[in-house]
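First up is the structure itself, then whatever we jot down about it.
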Amino acid sequence: PFSGTAAALLPPIGPWQGVYRCAQGETALDLQITARSPTRIEAVFYFHASPANPRVPQGCFTMRGSFNQASGRITLTPVVWLHRPPFFVSVALEGKISRGVLSGRIEGPACSGFRLERSLAPPIPPAPASCRMGQQGPVV
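If you're matching positions, the sequence shown starts at 1254 in our numbering and goes up one per residue.
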């Protein structure tokens, strides 16, 4: 979607996988980032059980934010739930990309950090239909 010199400024689009910590404990996270411009990004935040915490339900919501190519910083805030389990709240994140790792902090109740790496593997367990992600965002 971008060409010429703008291509050098593209944000880190694509799938990222890892974990984050909030009140429910360690939680697996699949974050699919798409770009609307070199500095504006959108994402689907899909969370689910991790081996360390198998009782976490599946859920997902869309996010919107910004990417600073010079610093590698990403800021994303929640927009709308696509699949919401009872008693869960959407969270924001702020992070930085360094050496292929996106890490930072989750802004939400009793939350701390997250750490994600690029991945081409599909999420396990598979995302509910409402959370499925294509290259341009949620598949509706």
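Yeah, the Cβ is synthetic: ideal placement off N, Cα and C, and Gly gets one too. Remember, predicted model here, so these are calculated numbers, not experimental data.
Collapsed DSSP secondary structure at residue i in the structure displayed
i: Ser1383; result: helix
i: Pro1331; result: strand
i: Thr1292; result: coil
i: Pro1378; result: coil
i: Ser1343; result: coil
i: Cys1313; result: strand
Sub-8 Å separation of residue i and residue j beta-carbons
i: Val1344; j: Ile1359; result: yes
i: Pro1265; j: Asp1283; result: no
i: Ala1325; j: Ser1290; result: For the sequence presented, residue 1325 should be read as Gly rather than Ala. Not in contact: Gly1325 and Ser1290 (Cβ atoms no closer than 8 Å).
i: Phe1314; j: Val1332; result: yes
i: Gln1311; j: Val1297; result: no
Bridge partners - residue i, DSSP secondary structure assignment
i: Leu1355; result: Ile1350, Leu1369
i: Gln1285; result: Pro1268, Val1297
i: Gly1278; result: Cys1275
Spatial neighbours of residue i in its chain, beta-carbon cut-off 8 Å, leaving aside the 5 residues before and after
i: Thr1280; result: Val1272, Tyr1273, Arg1274, Phe1300, His1301, Ala1302, Ser1303, Asn1306, Val1309
i: Ile1330; result: In the sequence on display, residue 1330 carries Thr and not Ile. Within the same chain, Thr1330 has close Cβ partners Met1316, Arg1317, Gly1318, Ala1345.
Proximal residues to residue i (C-beta, below 6 Å), its chain only, five neighbours per side dropped
i: Ser1383; result: Leu1335, His1336
i: Pro1362; result: Ala1276
i: Ala1261; result: For Ala1261, the predicted structure reports a pLDDT of 41, less than 50, and the residue's modelled location is therefore unreliable. A value from the coordinates is still provided. Once the five neighbours on either side are set aside, Ala1261 has no close Cβ partner at all.
i: Ile1327; result: Phe1320, Gly1348
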